[in-house]
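Numbering (this note's numbering), first residue to last: 199 to 632. Ideal Cβ placement from N, Cα and C applies to all residues, glycine included. Written out below as structure tokens is the structure these notes cover.
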Ligand code: ACO
């Protein structure tokens, strides 16, 4: 069987043969080069055939070896390691290293990596002035997006993206500083003094310190909550070509420094259909208010009056494996914090939705965001911080994808085509005749 596709253009009767190439997993990686379709023309004047694919429903924009998702079977792997094993046996910084470098770190590599990230957590004092400029009720995602972009002005050498040494340094700075920016954004909204990083603590322990330290001399994170946050960060670290990663690659393709590219990716994450969904889930559960109101709410969703937030996914047409791990993590967290009363509403909502024909037919299952917010809330994070937490974790994924893009000789500046539906040339119309 030849690895090619034969196409007959019924407009002209001509036949074309297009090569089929494969990824490591043929079921998902069989592709034809889209530009090969351009030779299919009705005459020499014709521009050639394009594919029309709003939202990239069936277009591979890159070749990648970072994350593998099999949405039908509910599989997620980073660099070949199943998400369940990573969440159970590794720390977030180990997983971030794996995603960024391609292999698990040795003991000495891990020690050095943790040391480097820990010693890149401080931000320039002027960043605080920036923070002070925002209104007291500014959304922390708006603050995060702006301050990450502002870091670009502090590190002008970051523009030298062709230098692997520069890239490696900026990656460490970004992974190190994101929790600091996030915690500062939160403290700013409360009018509380900023807490400086504590190098004795782990990545997530230090983040909890910068978020919640009050008058105690030394903040001691609760180990269960510290571990739970670590697991949640692992689950959110990368997810192949999603909306924000695509933004990172798209902006990165014009070759700016990684700070502004990452600010763009974080902005894409902010939307309610992507990383902003975890915030919307909590608002939805609050709005439902009690278990008795669920059937009514489901009917409204089915009538098209809004979506069941935290349900559905472009790729997963099965239970999101991350949602299963999050549910297990929730039990451990609630043993420390007490049960979040919204959990009962969420569990019942999930049960009813999974039995309802509307959701079954459309293969709508809980996604990573359905339960994460309930845990974050129990841990003391306000809803506005949920997407910020997602952004901290996804920073490693965005940067790995950005690095892969820069090292891929087949990549070019992202520039899609369009199907033009507007007017042909029109004549000048004097203002009195319009
Ligand atoms: N509630 C109700 N109906 C839904 C939902 C939902 N959450 N999601 C999809 N549908 C319905 C659509 O109305 C559509 O129905 P139709 O065929 O009768 O028109 C069908 O299911 C297919 O939906 P699409 O919007 O075409 O699916 P798409 O793959 O484009 O969207 C998305 C995926 C954006 C995640 C969608 O499921 C959604 O909006 N979910 C809610 C928001 C959410 O939880 N986002 C987080 C995703 S995970 C992440 O980003 C980390």
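request  = Let me know the secondary structure DSSP gives residue 359 once reduced to three states.
outcome  = Annotated three-state conformation of residue 359 is coil, per DSSP.
ask   = Is the beta carbon of residue 509 within less than 6 Å of some heavy atom of the ligand ACO?
value = Within the cutoff, so yes.
ask   = In this structure, does DSSP put residue 418 in helix, strand or coil?
value = Looking at residue 418 - three-state DSSP - the assignment turns out to be coil, as it is neither helix nor strand.
query = With distances taken between CB atoms, is the gap from residue 232 to residue 249 smaller than 7 Å?
reply = Less than 7 Å divides the Cβ of residue 232 from the Cβ of residue 249.
query = Within this structure, are the beta carbons of residue 407 and residue 399 separated by less than 7 Å?
reply = With contacts defined as CB atoms closer than 7 Å, residue 407 and residue 399 qualify as a contacting pair.
task = Using the DSSP secondary-structure output, state which residues sit across from residue 400 in a beta bridge.
result = For residue 400, no pairing in a beta bridge is given by DSSP.
query = Which word fits residue 377, buried or exposed, when buried means at least 16 other C-beta atoms lie within 10 angstroms of its C-beta?
reply = With 16 or more other Cβ atoms within 10 Å, it is buried.
message = Quick check: residue 475 and residue 567, are their CB atoms within less than 7 Å of each other?
response = Yes, these two residues count as a Cβ contact at 7 Å.
message = So, for residue 347: in the same chain, excluding its five sequence neighbours on each side, which residues have a beta-carbon less than 7 Å away from its beta-carbon?
response = Annotation for residue 347: 457, 458 and 461 place their beta carbon closer than 7 Å to its own, counting only its chain and skipping 5 residues before and after.
key: Proximal residues to residue 405 (C-beta, below 8 Å), its chain only, five neighbours per side dropped   = Cβ-Cβ distances below 8 Å link residue 405 to 377, 380, 381, 427 and 590 in the same chain, with the five nearest sequence neighbours on each side left out; the list follows chain order.
request  = Just the C-alpha distance for residue 517 and residue 553, rounded to the nearest angstrom, thanks.
outcome  = A direct Cα-to-Cα measurement between residue 517 and residue 553 gives close to 13 Å.
Residues bridged to residue 213 (per DSSP) = Residue 213 pairs with 206.
ask   = Any idea if residue 345 is buried or exposed, counting beta-carbon neighbours within 10 angstroms, 16 or more meaning buried?
value = Note on residue 345: 16 or more other CB atoms within 10 angstroms of its CB, so buried under the neighbour-count rule.
query = Per DSSP, residue 564 forms a beta bridge with which residues?
reply = Residue pairing for residue 564: DSSP places it in a beta bridge opposite 509.
ask   = Taking 7 Å as the CB-CB cut-off, is residue 318 touching chain B?
value = In the structure shown, chain B does not exist; there is a single protein chain.
message = Out of 353, 360, 361 and 321, which one is the CA nearest neighbour of residue 342?
response = Its Cα nearest to that of residue 342, the residue 321 stands out among 353, 360, 361 and 321.
key: CB contact flag (residue 455, residue 356, <7 Å)   = With a cutoff of 7 Å on beta-carbon distance, residue 455 and residue 356 are scored as near each other.
key: C-beta atoms of residue 595 and residue 436 nearer than 7 Å   = Going by C-beta atoms, residue 595 is nearer than 7 Å to residue 436.
message = For residue 633, count the other beta carbons within 10 Å of its own beta carbon; 16 or more makes it buried, fewer makes it exposed. Which is it?
response = The displayed coordinates of the chain run from 199 to 632. Any statement about residue 633 would go beyond what the structure contains.
ask   = For the beta strand (DSSP E) that contains residue 264, what are its first and last residues?
value = Careful: residue 264 lies outside any beta strand (DSSP E) and carries neither H nor E.
inquiry  = On the DSSP bridge list, what partners appear for residue 345?
reply    = Answer is none; residue 345 lacks a bridge partner.
message = Within 8 Å, do at least three Cβ pairs link the segment 484-501 to the segment 604-624?
response = The segment 604-624 is not in contact with the segment 484-501.
inquiry  = For residue 325 and residue 395, I'd like the C-alpha separation in whole angstroms.
reply    = For residue 325 and residue 395, the distance between alpha carbons rounds to 15 Å.
request  = Could you pull the start and end residues of the alpha helix (DSSP H) that residue 447 belongs to?
outcome  = Looking at the DSSP string, the run of the alpha helix (DSSP H) that includes residue 447 is 441-450.
key: Option nearest residue 434 by Cα separation, candidates 473, 337 and 234   = It is 473.
message = Please state whether the Cβ-Cβ distance between residue 477 and residue 410 is less than 7 Å.
response = Not in contact: residue 477 and residue 410 (Cβ atoms no closer than 7 Å).
task = Just the C-alpha distance for residue 259 and residue 447, rounded to the nearest angstrom, thanks.
result = Counting only the Cα atoms, residue 447 lies some 10 Å from residue 259.
query = In whole angstroms, what separates the C-alpha of residue 421 from that of residue 530?
reply = Going by C-alpha positions, residue 421 is about 11 Å away from residue 530.
ask   = Can you name, in chain order, every residue of its own chain whose Cβ lies under 6 Å from the Cβ of residue 547, other than the five neighbours on each side?
value = Hits under 6 Å: 492.
ask   = So, helix, strand or coil for residue 378, using DSSP?
value = Here residue 378 sits in helix by DSSP.
ask   = Alpha carbon to alpha carbon, how far is residue 389 from residue 222?
value = Our two residues, residue 389 and residue 222, have alpha carbons roughly 52 Å apart in a direct line.
message = On the DSSP bridge list, what partners appear for residue 274?
response = Answer is 267.
key: residue 226 - containing alpha helix (DSSP H), residue span   = Per DSSP, residue 226 belongs to the alpha helix (DSSP H) from 224-227.
Nearest-angstrom Cα separation, counted from residue 292 out to residue 506 = When rounded, the distance between both Cα atoms is 34 Å.
Burial state of residue 412 (16 or more Cβ within 10 Å) = It is exposed - the Cβ of residue 412 has fewer than 16 other Cβ atoms within 10 Å.
query = Measuring CA to CA, which of 335, 323, 331 and 337 is closest to residue 349?
reply = Comparing C-alpha distances from residue 349 to each of 335, 323, 331 and 337 shows the shortest one belongs to 323.
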